[in-house]
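Q: One gets this note's numbering by counting positions in the sequence shown from 1 and adding 102 to each.
All residues carry an ideal CB built from backbone N, CA and C; glycine is no exception.
Bear in mind that the values here come from a model prediction, so they are computed numbers and not experimental data.
What follows is a structure written as structure tokens; I'll ask about it next.
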Amino acid sequence: MPGHLLLRTVPHRLVLMKKINLQEKLALINDHWNPRIAGELNHQQVKLVKFQGPFTWHHHENEDELFMVINGRFKMEYRDESGGEKSIWIEPGEMIIVPKGTEHRPVAEEECHVLLFEPATTLNTGNQDNEFTRRELAAI
Ligand code: NI
């Protein structure tokens, strides 16, 4: 039956896919410990940040944090279950995940370029509020 001919309208979705060149984005950053938002997905953010020197000891009550080194290297200092201080060097192409509740402090003896992946709610200094705290992050 001609009347049965179904003309279905396929909804057109706007496809927004663009690649992001991490080195180009990093070249736009001229400060330290000030993360920029490079991407967002599923309530998480991909951030880019340059480390230099020691950060502040802190922990995140609710968020796990991923740190991946793009250029340079840094040392992740942390406190284990017994409160003992430990540290791990993270080299280019390596990453480390800091579980929620873990006291940690990144230290970069020389400038280090890092990709962070964490929930959008994550404050860079976690439970601390000091000169390192950045509440409003710019997109890059
Ligand atoms: Ni942290």
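#1: So, with DSSP's three-state summary, where would you put Lys149?
#2: Sorted by chain position, which residues of the same chain lie with C-beta nearer than 6 angstroms to His134's C-beta, five sequence neighbours on each side aside?
#3: Beta-carbon separation of Asp166 and Pro201 under 8 angstroms?
#4: Report the start-end ranges of each beta strand (DSSP E) in the region 194-220 that is 3 residues or longer and not cut off at the edges.
#5: Within 10 angstroms of its Cβ, does Gln125 collect 16 or more other Cβ (buried), or is it exposed?
#6: Could you check if Ala129 is buried or exposed, using at least 16 other CB atoms within 10 Å of its CB as the buried criterion?
#7: Can you check which of these residues, Leu225, Pro113, Ile122 and Ile131, is closest to His215 by C-alpha distance?
#8: Can you tell me whether DSSP reads Gln230 as helix, strand or coil?
A: In short:
#1: Lys149: strand per DSSP, three-state reduction.
#2: Taking His134 as the centre and dropping the five residues before and after it, the same chain places the C-beta of Lys152 and Gln154 closer than 6 angstroms to its C-beta, in chain order.
#3: Cβ distance < 8 angstroms, so Asp166 and Pro201 count as in contact.
#4: Counting whole runs of 3 or more residues, the region 194-220 contains the beta strand (DSSP E) stretches 197-200.
#5: Result: exposed.
#6: Around the beta-carbon of Ala129, fewer than 16 other beta-carbon atoms lie within 10 Å, marking it exposed.
#7: Measuring from the Cα of His215, the nearest candidate turns out to be Ile131.
#8: In this structure, Gln230 counts as coil in the three-state DSSP scheme.
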